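The structure appears below as C-alpha cells.
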Amino acid sequence: MTTEATLPTTAASPTARQVWTRARGIALALVLLLVGAVAIAVVRSDARHGELDPRSADPYGSRAVAELLADRGVSTRVVTTLDEARAAAGPDATLLVAVPDLLTERQQTGLHSATSGSGGRTVLVAPGGAAVERLVPGVTADPALSLDSTLAPACDLPAARRAGTADTGGIRYSTHLEADACYPSRRLATLLRIPEPSTAAPAEGAPGDTIVLGARDILFNNHLDEHGNASLALQLLGSRDHLVWYLPSRSDLPDPDDERGFFDLLPSGWLWGTLQLFIAAALAALWRARRLGPLVPEKLPVAIRASETVEGRARLYRKANARDRAATALRSATRTRLAPLVGVPVTQAHTPESLLPALAAQLHGAPGDGQTLHTLLFGPPPGDDAALIALADQLDALEREVRRP
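Numbers in the working numbering are just positions in the sequence shown, counted from 1, shifted up by 36.
Written as C-alpha cells, this is what we have:
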C-alpha cells in the first residue's frame, strides 16, 4: 500500500506589510494633495474675504470707496436680492452690480429690463461674455484679456480724462453702439460708457447710461491709492446722490422656472480640476504598472504533479474542441524525443527530410514504410476524438519500438 506525501502549502494572500509597501506611495500622494488643497483654501479665504463689499476693510474689500463717497454726500446702500436692485433703479441712483456673472440668465434679462430707460446709471463690474450680452445688448466681450493692467484713457470721456491712467486692464469689449470707448488695449476698450437713447433721458439732471468696467481693481481698498483709480471710481460712482451696491447672495433665490443643469451647479474650474485628476491618475498608473521585460522563473507556492498538468491541458483542449492543437502537441513531443534516439539533432527533429530516413533505418521497415511514418508524425489533424486516441496509441507504439534494444 502506498501513500502520497502531503504537499506543503504556502499562503498566497499578501501580508499587511506587503499591502502597506504597495500602497504607501499612493497614500502619501493623497495626503499631499489634501494638505495642498487645505492650504490653498485657507490662503484664498484669507485673501478674498469680503471681496467687493463696501462694508469690508480687507485688501479686496471696497470700504474705502464708500467712505470717500460718503464724504462727498453720496450714500451707499448694500442690497443682496434682485428685487431690491430692480426697485432701486431710478434717475437719482447709481446701481453697481458687483458680480454680474453670478446671476442666472433670467435674472440678467430682468435686471436689464429694470435699468433700461430708468434714467439712472448702471455700473457692471467685469461682466463676462454671456452676461454682458444680456445686460447690455450690443456689447461683446473678447475672449483674450488685456496684457497690461494699467492703461491710459485715450478717449473724450471727462471722467477718464481727469483720472488719467488707471488699473482698468482686464476684460476687453467691443460694440457697434454709440459709446465712449476708453482705456483701450490692442484697439479694444476695457471701459465703455453707453448712454441711453435721448428719448429716455430725464427732464432734469444727467442722462441715464451704463458703464461696463473690465476690471475690479479700481474698487479694491489696496489699489485705490494707485494711479488714477480713486478719481475714476469716485466719478463713475458719484454722479448721483445714491449708490446702490448689489451683491448677489444665497438669499437671492433664482426664479423657480430657471432650470439649471448639473454642470451649472459645479463651481468654476471643475473642468481643469478634473483634467488634473486624470493626469495624476495616469501618472500613478504608469508608475505602478508592470514593466515589460524578460520572463523571470519563480517557484510555485505548491508543487504540481506532471500528470495533473497534462490532464488539465487535455481538458482545456477537449473543452475547446481543439483536436488539431492536441495532435500537433503530441506529434511535436514525440518527434523531439525520437530525434536523439536515431542520431538526429533536436534542431532538425521537425524536418521530415532529416528525421524520417534515420527513423526508417532504425526500424528496418517496421512498423511501415516511409509514407506511413510521414502520415503518423507529420500528417493532418484527426477528424474526431476516436482518431485522436488512435493517433496517441500509434505514437506510443512507435516510440516503444524505437526504444526497444
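Built from N, CA and C at the ideal position, the CB exists for glycine as well.
Just so we're clear, the structure is a prediction, and the values are computed from it rather than from any experiment.
Here ILE230 carries a strand assignment [DSSP, helix/strand/coil].
Residue state for ASP216 is assigned as strand, using DSSP reduced to three classes. Of the residues assessed, VAL161 falls on the buried side of the cut-off, its CB having 16 or more other CB atoms within 10 angstroms. At least 7 Å separates the beta-carbon of GLY250 from that of THR211. Collapsing the DSSP output to three states places HIS410 in a helix. Of the candidates THR408, GLN398, TYR209, GLN398 places its Cα closest to the Cα of ARG440.
The stretch 242-262 makes contact with the stretch 91-108; the number of CB pairs closer than 8 Å reaches 3 or more. It is roughly 33 Å from the alpha-carbon of VAL332 to the alpha-carbon of ALA428. Our two residues, THR117 and SER149, have alpha carbons roughly 16 Å apart in a direct line. DSSP, read as helix, strand or coil, puts LEU260 in coil. Shortest Cα-Cα distance from THR372 to any of SER390, ASP184, ARG359 involves SER390. The criterion of a C-beta distance shorter than 7 Å is not satisfied by LEU268 and THR112. Here VAL172 is buried: its Cβ has 16 or more other Cβ atoms, across all protein chains shown, within 10 Å.
Ranking GLY164, ARG252, LEU193, THR364 by CA distance to the CA of ASP245 puts LEU193 first. Sixteen is the threshold: when 16 or more other Cβ atoms of the shown chains lie within 10 Å of the Cβ of ASP253, as they do, the residue is buried. Secondary structure at THR145: helix, using DSSP grouped into helix, strand and coil. A residue is called buried when at least 16 other Cβ atoms come within 10 angstroms of its Cβ; ASP203 meets this threshold and is buried.
No Cβ-Cβ contact shorter than 7 Å links ASP178 with LEU131.
For VAL114 against LEU283, the beta-carbon gap comes to about 6 Å, under 8 Å, which counts as contact.
Taking a contact as a CB-CB distance under 8 Å, the pair VAL248 and PRO163 counts as one, their CB atoms being some 7 Å apart.
In this structure, ASN265 is the residue among ASN265, GLU87, ALA100 with its C-alpha nearest to the C-alpha of LEU187. Taking C-beta atoms as the reference points, VAL438 and LEU392 fail to come closer than 7 Å.
The three-state secondary structure of LEU187, taken from DSSP, is strand. The shortest CA-to-CA distance from ARG108 to any of SER275, ALA190, ARG58 is the one to SER275. DSSP links LEU118 through a beta bridge to no other residue.
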